[in-house]
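Written below as structure tokens is the structure these notes are about.
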Amino acid sequence: MASYIPPHNPTRPGTADPSTRFQRVPHRSQTAPVRPPPSSSAHVPDRIHRPILHVRQVELAHPVVELRINHNHDVLVKALDAVSKTAHKESERIRYDLHRLATIVESGATSLTNSINTLESALRKEEARVARDFHYIRQIQDPRKRGPELDCLEATLQESEKQMAYEYTRLQTVRNSELERAESTASSLIQAKRNEEARLARDLQRLHDARAEARRRVDDELASLAHRGLTEWTCPCFILGTFAAFTTQRSKSTTEFNLEARRVTDMRREKKRAIDAEMLRLTKVRNDCRLRIDAEISRFMTAERFTRASQPQSKPQRTHQQKSQAQQAREAWQRYEDTWTELSNSDAPVRLNFHNIPWPAFSQPTGVAQLNSRSIGAFLLSSLHDGGGSTRRERIRNAMRLWHPDKWMGRYMGRVDPRHAQSVKDGVNAVARALTELLATA
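Here full-length UniProt numbering is used: the first residue of the sequence shown is 1, the next is one more, and so on.
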């Protein structure tokens with residue numbers, strides 16, 4: 001008996017359609033043939049015909065069951081293929097994700113290891129530094145080692161202060177010598193320029209006088225000839241020859257005078273140009289020297305401040321030790337300010353003379369010659385004290401407010417002893433000149 005194969009319907013559930021691959025397998029009620037309901041008028045068979053009907057029903061149901069089994073087998077095979085493909089894709093994606101995760105974990109572990117190594121090295125360095133500092137602190141706290149170390153540090157600090165003061169004084173001396181040399185050279189050049197101008201003016205005046213004299217002689221000669229009434233037809237030949245020679249000499253003299261005047265003018269212009277170029281060069285050299293010396297002074301002052309800040313501040317050990325140069329400078333400046341404050345605020349009739357006036361110098365001067373820009377600049381602009389202002393120009397201006405000649409004379413000259421009035425006046429003027437020079441070079 002041939003089996004019946006129904007036509008393929010792609011819309012039925014359970015087929016190879018991708019949209020229905022995950023649908024449930026159809027039940028028996030969906031695949032079995034529909035039997036008509038029994039008729040109420042049908043006659044109920046008896047017991048004799050029941051085995052024959054049962055065999056007939058089994059024979060009819062066998063092809064249907066086989067058809068359903070084949071169909072279910074095809075559906076299951078297709079579903080298994082789709083599930084295997086999906087599982088393969090999912091396994092590939094999971095494998096890729098695992099590989100990426102392993103790479104990320106490995107890189108994170110490497111960076112974490114590097115960070116741990118860096119932190120460990122920094123921690124070891126910090127531990128070594130702390131141990132070194134602790135050892136140094138224990139050495140300082142040790143009474144047996146603290147005294148010699150502090151003495152050595154104080155001696156080193158005093159030596160560095162002396163060296164800085166010496167370098168500052170040397171630089172000030174070099175700067176003053178450079179300024180004096182430049183000023184002397186400039187003054188000599190100016191004087192030479194003036195002398196050359198005077199000489200050239202005399203030469204020009206002499207040439208002008210000679211030219212005027214020649215013209216005057218020519219005019220006199222022509223006037224005398226006109227007065228005699230001599231003409232070209234009546235005068236003798238020797239007079240005409242003399243007049244021609246005189247005219248030739250006159251033109252020659254005029255030409256020579258013009259050439260000499262031009263030569264002198266060119267020479268004067270060339271010398272003036274050379275003098276101006278030399279003055280410009282000297283001014284540039286002077287400015288360069290000033291900038292270089294200022295840079296050296298700033299460098300030494302900065303180095304001194306850094307040295308002071310880096311050195312441990314120790315308390316004075318012994319009162320009988322000799323005072324350092326910095327302490328002497330600070331005390332001199334404090335004494336200078338206190339004395340002027342007392343003189344300004346006190347109304348007591350104190351007789352002032354040249355020897356008890358607080359001059360702006362480290363040591364009391366004995367004469368006006370010692371009140372120069374070098375000694376006054378060393379006192380006012382010293383880096384060993386911090387009084388008078390924060391900058392050089394500010395210190396000089398504050399000092400000029402006190403030592404202005406007119407203001408000082410009007411305020412303190414009434415207290416000066418008449419026997420010392422002239423020396424005090426000269427000293428005040430010397431201080432004012434020195435401050436003006438320092439302000440010009442600051």
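C-beta atoms are modelled at their ideal positions from N, C-alpha and C, and glycine is treated no differently.
Is the Cβ-Cβ distance between Leu-380 and Ile-396 less than 9 Å? Within the sequence shown, numbered from 1, the residue matching residue 380 stands at position 380. Within the sequence shown, numbered from 1, the residue matching residue 396 stands at position 396. It is a contact, given that the beta carbons lie within the stated cut-off.
Alpha-carbon spacing of Thr-173 relative to Ile-293, whole angstroms: Position 173 of the sequence shown holds residue 173. Position 293 of the sequence shown holds residue 293. Between the C-alpha atoms of Thr-173 and Ile-293 there is a straight-line separation of about 10 Å.
Okay, do the segment 427-439 and the segment 392-407 touch, 3+ Cβ pairs below 8 Å being the bar? These segments touch.
Using 8 Å as the cut-off, can you tell me whether the segment 360-371 makes contact with the segment 338-350, which would need three or more C-beta pairs spanning the two stretches below that distance? No, the segment 360-371 does not touch the segment 338-350.
Would Leu-435 and Ile-376 qualify as a contact pair, given that the criterion is a beta-carbon distance under 9 Å? Walking along the sequence shown from the start, residue 435 turns up at place 435. Walking along the sequence shown from the start, residue 376 turns up at place 376. Yes, these two residues count as a Cβ contact at 9 Å.
In this structure, what does DSSP give as the bridge partners for Val-416? Numbered from 1 along the sequence shown, position 416 holds the residue referred to as residue 416. Its beta-bridge partners are Leu-352.
Would you grab the beta carbon distance between Leu-189 and Glu-278 for me? Rounded to a whole angstrom, and I think it's under 8 Å. For the purposes of this step, residue 189 is identified with residue 189 of the sequence shown, where counting begins at 1. For the purposes of this step, residue 278 is identified with residue 278 of the sequence shown, where counting begins at 1. In this structure, Leu-189 and Glu-278 form a Cβ contact; the two beta carbons are roughly 6 Å apart against a cut-off of 8 Å.
My output table needs one value for Leu-84: the three-state DSSP class, helix, strand or coil. Taking the first residue of the sequence shown as 1, we reach residue 84 at position 84. First, the amino acid is wrong: residue 84 is Ser here, not Leu. Helix.
So, Arg-262 versus Arg-175, is the Cβ gap smaller than 9 Å? Against the sequence shown, residue 262 aligns to sequence position 262. Against the sequence shown, residue 175 aligns to sequence position 175. The Cβ atoms of Arg-262 and Arg-175 do not sit closer than 9 Å to each other.
Taking DSSP as the reference, what is the three-state secondary structure of Gly-387? The residue labelled residue 387 in the question sits at position 387 within the sequence shown. Of the three classes helix, strand and coil, the one that applies to Gly-387 here is coil, per DSSP.
Between the CA atoms of Val-83 and Val-64 - distance to the nearest angstrom: As a first step, residue 64 is located in the sequence shown; it is residue number 64 there, counting from the start. As a first step, residue 83 is located in the sequence shown; it is residue number 83 there, counting from the start. Taking the straight line joining both Cα atoms gives about 28 Å.
Could you check how far apart the C-beta atoms of Gly-389 and Trp-333 are, in whole angstroms? I think they sit under 8 Å. The residue labelled residue 389 in the question sits at position 389 within the sequence shown. The residue labelled residue 333 in the question sits at position 333 within the sequence shown. Contact doesn't hold; Cβ gap of about 12 Å is too wide.
Since I believe Ser-373 is in contact with Glu-296 (beta carbons under 8 Å), could you give me their beta-carbon distance rounded to a whole number of angstroms? Here residue 296 refers to the residue found at position 296 of the sequence shown. Here residue 373 refers to the residue found at position 373 of the sequence shown. Actually they do not touch by this definition, with Cβ atoms about 18 Å apart.
Would you kindly check if the distance between the Cβ of Arg-211 and the Cβ of Thr-254 is under 9 Å? On the sequence shown, residue 254 is found 254 positions in, with the first residue counted as 1. On the sequence shown, residue 211 is found 211 positions in, with the first residue counted as 1. Result yes, Cβ atoms of Thr-254 and Arg-211 sit closer than 9 Å.
Counting along the chain, where does the alpha helix (DSSP H) carrying Gln-325 start and finish? Translated into positions along the sequence shown, residue 325 becomes position 325. From DSSP, the alpha helix (DSSP H) with Gln-325 extends over 325-345.
With Val-431 as the anchor, note down where its alpha helix (DSSP H) starts and where it stops. Locating residue 431 in the sequence shown gives position 431, counting from the first residue. Here the alpha helix (DSSP H) through Val-431 covers 421-441.
Measure how close the beta-carbons of Pro-360 and Ala-326 come, nearest whole angstrom, since I'm counting them as under 8 Å. Sequence index remark: in the sequence shown, residue 360 carries index 360 (1-based). Sequence index remark: in the sequence shown, residue 326 carries index 326 (1-based). 18 Å between Cβ atoms; not a contact.
Buried or exposed (CB count within 10 angstroms, at least 16 for buried), Glu-120: Here residue 120 refers to the residue found at position 120 of the sequence shown. By the 10 Å Cβ count, Glu-120 comes out exposed.
Just the C-alpha distance for Glu-232 and Ala-244, rounded to the nearest angstrom, thanks. Counting from 1 along the sequence shown, the entry for residue 232 is found at position 232. Counting from 1 along the sequence shown, the entry for residue 244 is found at position 244. Bear in mind that the predicted position of Glu-232 carries a pLDDT of just 46, short of 50, making it unreliable; the figure below should be weighed with that in mind. Rounded to whole angstroms, the separation of the alpha carbons of Ala-244 and Glu-232 is 11 Å.
Taking Cβ positions, are Leu-207 and Glu-260 nearer each other than 9 Å? Here the question's residue 207 lines up with position 207 in the sequence shown. Here the question's residue 260 lines up with position 260 in the sequence shown. Against a cut-off of 9 Å, the Cβ pair of Glu-260 and Leu-207 comes out as a contact.
Does DSSP put Ile-190 in a helix, a strand or coil? For this step, residue 190 is matched to residue 190 along the sequence shown. Three-state result, Ile-190: helix.
Can you tell me where the alpha helix (DSSP H) holding Phe-379 begins and where it ends? Against the sequence shown, residue 379 aligns to sequence position 379. The continuous alpha helix (DSSP H) containing Phe-379 extends over residues 373-380.
Under 9 Å between the Cβ atoms of Arg-330 and Val-416? As a working mapping, residue 330 is identified with position 330 in the sequence shown. As a working mapping, residue 416 is identified with position 416 in the sequence shown. Contact: no.
With DSSP run on the structure shown, which of helix, strand or coil describes Thr-366? Numbered from 1 along the sequence shown, position 366 holds the residue referred to as residue 366. Secondary structure of Thr-366 (DSSP, three-state): coil.
Segment limits, alpha helix (DSSP H) that includes Ile-396: Counted from its first residue, the sequence shown places residue 396 at position 396. Its alpha helix (DSSP H) spans residues 392-402.
Does the separation of the CB atoms of Val-128 and Ser-382 fall below 9 Å? Sequence index remark: in the sequence shown, residue 128 carries index 128 (1-based). Sequence index remark: in the sequence shown, residue 382 carries index 382 (1-based). Per the sequence shown, residue 128 should be read as Ala rather than Val. Not a contact, by the Cβ cut-off of 9 Å.
Leaving aside the five residues before and after Ala-432 along the sequence, list all residues of the same chain whose C-beta is less than 6 Å from its C-beta, in chain order. Taking the first residue of the sequence shown as 1, we reach residue 432 at position 432. Closer than 6 Å at the Cβ level, and outside the excluded window around Ala-432, lie Trp-403 and Pro-405.
Rounded to the nearest angstrom, what separates Ala-421 and Leu-439 at their Cα positions? Start at 1 with the first residue of the sequence shown, and residue 421 comes out as number 421. Start at 1 with the first residue of the sequence shown, and residue 439 comes out as number 439. If I take the Cα positions, the gap works out to 27 Å.
Through-space distance from Asn-353 to Gln-191, alpha-carbon basis: Stepping through the sequence shown from its first residue, residue 191 is reached at position 191. Stepping through the sequence shown from its first residue, residue 353 is reached at position 353. Taking the CA atoms as reference points, Gln-191 sits about 40 Å from Asn-353.
Does the distance from the CB of Tyr-168 to the CB of Ala-442 come in under 9 Å? The sequence position of residue 168 within the sequence shown is 168, counting from 1. The sequence position of residue 442 within the sequence shown is 442, counting from 1. The criterion of a C-beta distance shorter than 9 Å is not satisfied by Tyr-168 and Ala-442.
Would you identify the three-state DSSP class for Pro-360, choosing helix, strand or coil? Position 360 of the sequence shown, counted from the start, is the residue given in the question as residue 360. The three-state reading of DSSP puts Pro-360 in coil, since its state is none of H, G, I, E or B.
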